[in-house]
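Student:
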Amino acid sequence: MADNENKNDVQQKQGHDFTTANKEFFNTTDYASKYDNDPRFIETVDKYATEILKFYPFDKEKTMMMDFACGTGLASRTWVPHVKSLLGVDISQGMLNQFDKRAKELGLTDKIRSVCLELKGEEGELDKLGGEQFDVITCTAAYHHFGDLPKMTAILVSFLKPGGALIVADNENAIPGHGHGHGHGHGHGEGHGEDHAYGHGHGHEHHVPANEGDSNLEQIDINNPDLYVPKHHLEKVIPQAEGFTEEGMKKLFEDAGLVEFEMKKNVVRAKIWKDAEMVVFIAKGVKPKL
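Here you go:
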């Protein structure tokens with residue numbers, strides 16, 4: 001199935017508004033506090049968040065970071081010691097209430113803050129985010145919630161400084177029970193198993209491990225019944241259910257104007273519930289310098 005057909009299928013699926021559905025779900029359930037306090041979920045997020053630190057030369061004196069679709073800030077809190085400032089952006093105030101609560105409890109409010117905002121690429125949005133572009137924008141475990149991936153990627157790139165990096169972590173696996181594909185860029189393209197070192201214009205050479213990752217990773221068994229979401233409900237909040245491929249992510253990033261694409265697979269494996277396993281990849285692209 002062609003990428004455009006997939007995109008149209010997602011957007012026209014029952015005339016469904018995934019943004020509103022996600023906002024309602026995370027605002028009206030206690031899902032945020034449940035997974036924010038689950039030790040195995042915390043372990044899973046910390047593993048890929050820590051791995052992301054290898055993808056950019058973070059500088060605690062200079063790096064301005066946005067964590068988009070930040071949720072409760074589980075990943076954000078891993079990065080705070082390595083940046084000058086971090087802005088968490090999410091459409092769910094329920095999620096951000098937990099984000100702000102934990103930031104206050106941990107004494108992080110001097111470096112971290114949140115904004116409840118749906119980014120649409122409209123004039124004035126940058127001012128609502130603080131008025132300055134970012135060195136790094138991350139989006140972890142959230143790309144599968146977006147209906148129009150090319151548009152969302154282009155919007156995020158517009159908020160990057162020249163030379164800045166967009167880093168996405170999400171699931172390689174399809175979500176069981178969702179039927180035919182709604183993902184972006186399907187297939188089974190394999191990586192090259194090579195090591196890469198990239199300079200980011202900050203006087204550092206930064207090593208990113210071989211992009212195949214560890215295919216023998218031990219699975220983290222989360223499998224918390226409290227985190228279970230019925231499949232019929234997942235279909236309302238997850239348009240990209242088929243997982244993501246290296247080929248698809250590369251095209252998505254390059255179409256948005258990013259260069260120096262890098263993707264590492266098999267970063268973390270975690271059993272979420274029953275037959276659902278999350279296999280996390282990390283993809284990075286760089287906005288060209290002027």
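Position one of the sequence shown corresponds to residue 1 (UniProt numbering), numbered consecutively onward. Glycine is no exception: its CB is placed at the ideal position from the N, C-alpha and C atoms.
(1) Touch check for the stretch 78–86 and the stretch 53–66: three-plus C-beta pairs under 8 Å?
(2) What are the boundary residues of the alpha helix (DSSP H) that includes Phe-253?
(3) Under DSSP, the beta strand (DSSP E) around Thr-140 begins and ends at which residues?
(4) Take the Cβ of Lys-62 as the centre, count every other Cβ of all protein chains shown within 10 Å, and call the residue buried at 16 or more, exposed below.
(5) CB-CB under 8 Å to Trp-79, same chain, minus the five flanking residues each way: which ones, in chain order?
(6) From what residue to what residue does the alpha helix (DSSP H) around Leu-166 run?
(7) When you compare the stretch 251–267 with the stretch 133–152, are there three or more beta-carbon pairs, one atom per stretch, that lie closer than 8 Å?
(8) Three or more C-beta pairs under 8 Å: does that hold for the stretch 124–139 against the stretch 99–109?
(9) Provide the residue span of the beta strand (DSSP E) that contains Ile-112, from first to last.
(10) Can you name the start and end residues of the beta strand (DSSP E) that Asp-67 belongs to?
(11) DSSP state of His-178, grouped into three classes?
(12) Is it buried or exposed, Val-136, if we count other Cβ atoms within 10 angstroms and call 16 or more buried?
(13) Out of Arg-113, Lys-120 and Phe-261, state which residue places its alpha-carbon closest to the alpha-carbon of Glu-246.
(14) Considering only DSSP beta bridges, list what Ile-282 is partnered with.
(15) Assign Lys-289 to one of two classes, buried (16 or more other C-beta atoms within 10 Å of its C-beta) or exposed (fewer than that).
(16) I'd like the span of the alpha helix (DSSP H) that includes Asp-46, first residue to last.
(17) CA-CA distance, Gly-130 and Ala-169?
(18) Going by DSSP, what residues sit across from Asp-90 in a beta bridge?
(19) Determine the closest residue to Met-152 out of Ala-256, Val-267 and Ala-270, with distance taken between C-alpha atoms.
(20) Mind checking who Ser-85 pairs with in its DSSP beta bridge?
(21) When you compare only the Cα positions, how much space is there between Gly-185 and Glu-172?
(22) Going straight from the alpha carbon of Leu-74 to that of Asp-46, what length do you get?
(23) Counting only the same chain and skipping the five closest in sequence on each side, list residues whose C-beta sits under 6 Å from that of Ile-112.
(24) Can you give the beta carbon distance from Ala-165 to Gly-285, rounded, assuming they're within the 8 Å contact cut?
(25) Have a look at Glu-132 and Lys-161 and give me their C-alpha separation to the nearest angstrom.
(26) Mind checking which residues open and close the alpha helix (DSSP H) that includes Lys-127?
(27) In the DSSP assignment, the alpha helix (DSSP H) including Gln-78 goes from what residue to what residue?
Tutor: For this structure:
(1) yes
(2) Position 253 of the sequence shown, counted from the first residue, corresponds to residue 253. Unbroken alpha helix (DSSP H) run through Phe-253: 246–255.
(3) Your numbering for residue 140 matches position 140 in the sequence shown. Unbroken beta strand (DSSP E) run through Thr-140: 134–140.
(4) Sequence index remark: in the sequence shown, residue 62 carries index 62 (1-based). Per the 10 Å Cβ criterion, exposed.
(5) Here residue 79 is taken as the residue at index 79 of the sequence shown, counted from 1. The beta carbon of Trp-79 sits closer than 8 Å to those of Ala-49, Ile-52, Leu-53, Phe-58, Met-65, Asp-67, Leu-86 and Thr-138, all from its chain and outside the five residues before and after it, given in chain order.
(6) Within the sequence shown, numbered from 1, the residue matching residue 166 stands at position 166. First-last for Leu-166: 160–171, but that is the beta strand (DSSP E), not the alpha helix (DSSP H).
(7) yes
(8) no
(9) In the sequence shown, residue 112 corresponds to position 112, counting from 1. From DSSP, the beta strand (DSSP E) with Ile-112 extends over 112–116.
(10) Working through the sequence shown from its first residue, we reach residue 67 at position 67. Per DSSP, Asp-67 belongs to the beta strand (DSSP E) from 64–68.
(11) For the purposes of this step, residue 178 is identified with residue 178 of the sequence shown, where counting begins at 1. Only weak support exists for where His-178 lies, its pLDDT of 42 falling under 50; the value from the coordinates is given anyway. In the structure shown, His-178 falls within a coil segment according to DSSP collapsed to helix, strand and coil.
(12) For the purposes of this step, residue 136 is taken as the residue at position 136 of the sequence shown. Val-136 comes out buried.
(13) Working through the sequence shown from its first residue, we reach residue 246 at position 246. Closest option to Glu-246, Cα to Cα, is Phe-261.
(14) Counting from one through the sequence shown, the residue named residue 282 turns up at place 282. DSSP lists Ala-169 and Lys-264 as partners of Ile-282.
(15) For this step, residue 289 is matched to residue 289 along the sequence shown. By the neighbour-count rule (16 or more Cβ atoms within 10 Å), Lys-289 is not buried but exposed.
(16) Counted from its first residue, the sequence shown places residue 46 at position 46. From DSSP, the alpha helix (DSSP H) with Asp-46 extends over 39–52.
(17) Counted from its first residue, the sequence shown places residue 130 at position 130. Counted from its first residue, the sequence shown places residue 169 at position 169. Their Cα atoms are separated by approximately 25 Å.
(18) Stepping through the sequence shown from its first residue, residue 90 is reached at position 90. Per DSSP, Cys-116.
(19) What you label residue 152 is simply residue 152 of the sequence shown in a count that begins at 1. Selected option, being the one with the closest Cα: Ala-256.
(20) As a working note, residue 85 is residue 85 in the sequence shown. For Ser-85, which the question treats as bridged, DSSP gives the partners Met-64.
(21) As a position in the sequence shown, residue 185 is number 185, starting the count at 1. As a position in the sequence shown, residue 172 is number 172, starting the count at 1. Bear in mind that the predicted position of Gly-185 carries a pLDDT of just 33, short of 50, making it too unreliable to give a figure here.
(22) Residue mapping note: residue 74 aligns to position 74 of the sequence shown, counting from 1. Residue mapping note: residue 46 aligns to position 46 of the sequence shown, counting from 1. Those two C-alpha atoms are separated by around 7 Å.
(23) Here residue 112 refers to the residue found at position 112 of the sequence shown. Short of 6 Å from the beta carbon of Ile-112, and not among the five residues preceding or following it, lie these beta carbons of its own chain, in chain order: Val-80, Leu-86 and Ala-103.
(24) Counting from 1 along the sequence shown, the entry for residue 165 is found at position 165. Counting from 1 along the sequence shown, the entry for residue 285 is found at position 285. That pair is a contact at about 7 Å.
(25) Locating residue 132 in the sequence shown gives position 132, where the first residue counts as 1. Locating residue 161 in the sequence shown gives position 161, where the first residue counts as 1. Distance between the alpha carbons of Glu-132 and Lys-161: 9 Å.
(26) Here residue 127 corresponds to residue number 127 of the sequence shown, with the count starting at 1. In the sequence as presented, Lys is not what sits at residue 127; that position holds Asp. 125–128 is the span of the alpha helix (DSSP H), which, as asked, contains Asp-127.
(27) Locating residue 78 in the sequence shown gives position 78, where the first residue counts as 1. Correcting the residue type first, residue 78 is Thr in the shown sequence and not Gln. From DSSP, the alpha helix (DSSP H) with Thr-78 extends over 76–79.
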